[in-house]
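Encoded as structure tokens, the structure appears first; notes follow it.
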Amino acid sequence: MTEPSRGNRNTASGNAKVQAQIGVVSGDAVFHQHDTIYQVTGEDTPKNRYLVALNHLEGGSPRVAEDMIGEVLRGGLESTEIAYYYALAVLSERSLNQLGRAEFDNFDLAWKIARRHEHDQWYTALAVVVALVRSVLAQEHGGNGSAAVLDTLQTLPTERRIEISRHLATLLNGSVQDQLDRINADLVEEGRSADERSHRTKKFFQADPIEPKVPAPYFNGHMTPSTWGAALFGLAGFAGGLVLLGGWLTQAAGWWLGGLLLSGLVAWGAGAVSVAASRRRARHAFELGQESARPDHVLDVDRFSKRGFRYAVEQLIADRFSDWKVWKDVPLKELGNERIDDELEKIGRGLAYRLIRTYAVRVADLGDSTFSDKINEARDKEGARRRQRKEIQPTELSWLVQWHAERIAKQWGDRSLYAFRKVGPTEMAADLLGMVGGLAAAATAVGLGIELAGASFLAVLVLVGTVAAGSVGVVNGVKLLGDRLALREERADNERMVEEQRIAYDECVAELDERPSDAEIARWLDFDKSHIKTVALEHCGLSNRDIIAQVLLTEGASTAKRARVLHGAPRYSAYTVKVFLLTDNGVREVEIELDFETGALRNEYRNAFSYSSLASAQVLEVGIKFAGEERQVLVFGEDGVEITDKTDNYVRSKAFRLRLVNDDEITVVMENFEGLVDKAVEDKKKLAELALENSGVTSALRILESVAAEGREWIEKERERRERRWNDWENEHHEPLALEGGGERPELE
207 MTEPSRGNRN TASGNAKVQA QIGVVSGDAV FHQHDTIYQV TGEDTPKNRY LVALNHLEGG
267 SPRVAEDMIG EVLRGGLEST EIAYYYALAV LSERSLNQLG RAEFDNFDLA WKIARRHEHD
327 QWYTALAVVV ALVRSVLAQE HGGNGSAAVL DTLQTLPTER RIEISRHLAT LLNGSVQDQL
387 DRINADLVEE GRSADERSHR TKKFFQADPI EPKVPAPYFN GHMTPSTWGA ALFGLAGFAG
447 GLVLLGGWLT QAAGWWLGGL LLSGLVAWGA GAVSVAASRR RARHAFELGQ ESARPDHVLD
507 VDRFSKRGFR YAVEQLIADR FSDWKVWKDV PLKELGNERI DDELEKIGRG LAYRLIRTYA
567 VRVADLGDST FSDKINEARD KEGARRRQRK EIQPTELSWL VQWHAERIAK QWGDRSLYAF
627 RKVGPTEMAA DLLGMVGGLA AAATAVGLGI ELAGASFLAV LVLVGTVAAG SVGVVNGVKL
687 LGDRLALREE RADNERMVEE QRIAYDECVA ELDERPSDAE IARWLDFDKS HIKTVALEHC
747 GLSNRDIIAQ VLLTEGASTA KRARVLHGAP RYSAYTVKVF LLTDNGVREV EIELDFETGA
807 LRNEYRNAFS YSSLASAQVL EVGIKFAGEE RQVLVFGEDG VEITDKTDNY VRSKAFRLRL
867 VNDDEITVVM ENFEGLVDKA VEDKKKLAEL ALENSGVTSA LRILESVAAE GREWIEKERE
927 RRERRWNDWE NEHHEPLALE GGGERPELE
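Per this note's numbering, the sequence shown starts with residue 207, numbered consecutively.
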């Protein structure tokens, strides 16, 4: 079968091999670091630790839940409910091949604890789980006692049925799983779209919006000392000159002097209005990316925040500006025009500068010794985490970027975006008045000079000095007053804009009230995986009875949005799901793309190979680099590729690689949590384990390593190992996993 175009396009340079990757994507990343559903502290009670463990189980991290619930049980907190969920945690995401002495001991502990307590609904649910495990073990020896227990399963509350089916999906196989799939078909289909999934899922990938903030004005009204000095000197010189002229003034000269003062005031006021208008035009031009209009005293963008933050904001703007929905009201003939593309690029730069300047942390602030010392020396991790939040996540600005993009598109459509370039009536009147005032001042100064010439030549000299000083004062006073007017106008504009933004902010906050929890995301994904496995079986013409083992891997699409909560697994808005079905005759591979926001499936790809085709299965260190939608992958340590300065710009991660004897490879790159980690409170090693578990690699590694080493003999050898593990454990227990009364069908209380 010809392979269709896949979601991840990959390139490599040098001797690096091109791979298909799982987990490392270049789309938006949202970290819900304020969500503490998975967080425990040393002061938490056993009950609280148990509740957090349940969150982990529901969120798809059964190994974490298993350890936490086990600690709670061994610490003395017991109930049938806790025993039931402990059993599910032990069995979840494990196949029969992965159950050994430790797992059977833990499962047996859960059953023994439940039998010591009242036989309530939790006991009955656990009894069904025990019976299902025994039916799977019996099936290994040709038995089939599943009918009765499946009948009882259907009498359980819907929530218990979903939990049992979900967490035992990897363990159950053969005819038991075939029957269970038929029973749960409607449940799975309903579960995939339950709770308004298509409407709510996208909100999980939206960051909490940052509250709108009034930008600092570009024109801050702070003039240079020389301007202030010139203005004060001119004012003092003019006032002193008037005092000296007082002795020579006649009634006629007084009228000329009054005209000079009045015309000077008119010129000053009108000039200030003109300067303010000029400043306004320059401000709007700079906001739209015209670098030549940069106001004085405005810092370069690289003085704000870290480079990664700036790049992320610029990328957000580029993504929104390229969204056709934003430009739906703009005439089609204008879209795609090169001139318009250039203008939009400039506008994007201007918007990026405004947002970075307003919301980022100054680089100087980030480098403050007190701040750095407190972060490095903090023993209170929560306190350190609060200080690290001084710089926001770029995705918190997503809603604001969208607001600006829609506003710009609307102004572009109604031709108001560049309206500031036109000179309005007020500015024309100010320019005219300023010119008239200046001419009038000059004329009255000449008239006053002629009047004073008859009195004294010294008076004329004093008048010349007075007028000169007054001119210096007026020119610099125009700058001072004009900048103050520009500052007041800019502040008013910014405050009006923020009021409009606040309406959009409130709407965004209200909309995110419906955001699904991480547990809901995990449940929808499990329903999807169950459905995809069924599709894979059908399209390969197989049933569960034909399957010896199964491996299911999930990868985030290359342009998918990413999100996770603190201590939680990464989630993606789009996945590629790979299903490996191991049968007596070899391995079937089915790959399907999943639009997680809607649950839609597309672009199926199928492949088949024999057990003898598997050469190796291993975990490697790789480097990932993004170039648009393409990703370059370097496998370090192979083909002469080493970690050097030349590979520093690659994002390092771990990868599971399945290599075939013909040198074909299937490579699974695990999430490296780039941009999605709180280094102050999260453990790097535990995150790596979480990535392995969540992508399906933990289960796949053990199975496929054995297959690669043993070939087709793996089938019989694995059955022997499984039988030996069970017999060894069973011989050490007098009544292993036996239902009360000799294994009779449990009844609901």
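Even glycine gets a Cβ: it sits at the ideal position worked out from N, Cα and C.
If we ignore side chains and look at the alpha-carbon of each, how far apart do GLU922 and VAL793 end up?
So the two alpha carbons sit approximately 16 Å from each other.
Starting from the Cα of LYS860, find the closest Cα among LEU898, GLU284, LEU800 and SER662 and give me that residue.
Taking only the C-alpha atoms, the option nearest LYS860 is LEU898.
Which residue wins for smallest C-alpha separation from PRO268, given the options LEU603, ALA615, GLY644 and ALA775?
ALA775
Neighbourhood of ASP574 by C-beta, 7 Å cutoff - its chain only, sequence neighbours within 5 removed:
In this prediction, ASP574 scores a pLDDT of 41, lower than 50, which makes its location untrustworthy; the coordinate-derived value is nonetheless stated afterwards. So no residue of the chain qualifies.
Top-ranked residue by Cα proximity to THR782, from ARG770, ASP734, TRP935 and PRO722
ASP734
Below 8 Å, can you find three or more Cβ-Cβ pairs linking the segment 735-751 to the segment 372-389?
yes
Enclosing beta strand (DSSP E) for ALA806 [first to last residue]:
From DSSP, the beta strand (DSSP E) with ALA806 extends over 806-815.
Using 10 angstroms around the beta-carbon of PRO210, count the other beta-carbons present and answer buried if the total reaches 16, otherwise exposed.
Because PRO210 carries a pLDDT of 34, less than 50, the predicted location of this residue cannot be relied on, and no value is offered for it.
Are the beta-carbon atoms of ARG777 and PHE410 separated by less than 8 Å?
yes
Run through DSSP, which three-state label would HIS373 get?
helix
Under 8 Å, do ASN809 and GLU799 count as touching if we go by C-beta distance?
Contact flag set, yes.
With 16 as the cutoff for other CB atoms within 10 Å, does THR330 come out buried or exposed?
Burial call: buried.
Assign GLU924 to buried or exposed, taking buried as 16 or more other Cβ atoms, counted over all protein chains shown, within 10 Å of its Cβ.
That one is buried.
Chain-order list of residues whose beta-carbon lies under 7 Å from that of ASP586 (same chain, five-residue window excluded)
Per-residue confidence for ASP586 stands at a pLDDT of 44, beneath the threshold of 50, marking its modelled position as unreliable; the derived number appears in the next sentence. Result list for ASP586: empty, nothing under 7 Å.
Between GLU264 and ALA725, how many whole angstroms is the CB-CB distance? I'm expecting something under 8 Å.
So it is a contact: roughly 4 Å between Cβ atoms.
Answer yes or no: do TYR565 and LYS419 have a C-beta to C-beta separation smaller than 8 Å?
The answer is yes: Cβ separation under 8 Å.
Nearest residue (CA-CA) to GLU170, options ILE319, GLY380 and TYR290:
As shown, the chain starts at 207 and ends at 955. That puts residue 170 outside it, with no answer to give.
Secondary structure of GLY470, DSSP reduced to three states:
helix
Three or more C-beta pairs below 8 Å linking the segment 684-703 and the segment 477-491
The segment 684-703, when compared against the segment 477-491, does touch it at the 8 Å Cβ threshold.
As assigned by DSSP and simplified to three states, the class of GLY881
coil
GLY276 beta carbon less than 8 Å from that of TYR292:
yes
May I ask you to report which of helix, strand or coil DSSP gives THR430?
Looking at THR430 - three-state DSSP - the assignment turns out to be coil, as it is neither helix nor strand.
Alpha carbons only, please: which of ALA915, ALA894, VAL887 and LYS890 is nearest the one belonging to ARG171?
As shown, the chain starts at 207 and ends at 955. That puts residue 171 outside it, with no answer to give.
Can you list, in chain order, the residues of its chain whose CB lies under 8 Å from that of ASP579, leaving out five sequence neighbours each side?
Any answer about ASP579 is weak, because its pLDDT of 45 lies below 50 and its placement is not dependable; what the coordinates show is given next. Contacts found: none.
Tell me which residue opens and which closes the alpha helix (DSSP H) that ILE276 is part of.
Reading off the sequence, residue 276 comes out as Gly, not Ile. Counting along the chain, the alpha helix (DSSP H) containing GLY276 begins and ends at 268-280.
Rounded to whole angstroms, what's the CA-CA distance from TRP935 to MET274? Just pull it up for me.
24 Å
Would TYR424 and VAL504 qualify as a contact pair, given that the criterion is a beta-carbon distance under 8 Å?
yes
Three-state secondary structure (DSSP) at ILE562?
helix
Cβ of GLY643 within 8 Å of Cβ of ALA478?
no
Element boundaries [beta strand (DSSP E), containing VAL783]:
For VAL783, the enclosing beta strand (DSSP E) begins and ends at 780-789.
Can you give the Cα-Cα distance for GLU803 and THR361, rounded to whole angstroms?
Between GLU803 and THR361, the C-alpha separation is close to 32 Å.
If you draw a straight line from the alpha carbon of ASP637 to that of ALA473, how long is it in whole angstroms?
9 Å
Nearest-angstrom Cα separation, counted from ALA499 out to SER604:
27 Å
Taking the C-alpha atoms as reference points, what is the distance between VAL684 and GLU493?
C-alpha separation (whole angstroms): 24 Å.
Which word fits LEU438, buried or exposed, when buried means at least 16 other C-beta atoms lie within 10 angstroms of its C-beta?
exposed
With three or more beta-carbon pairs closer than 8 Å as the criterion, would you say the segment 619-626 touches the segment 456-471?
no
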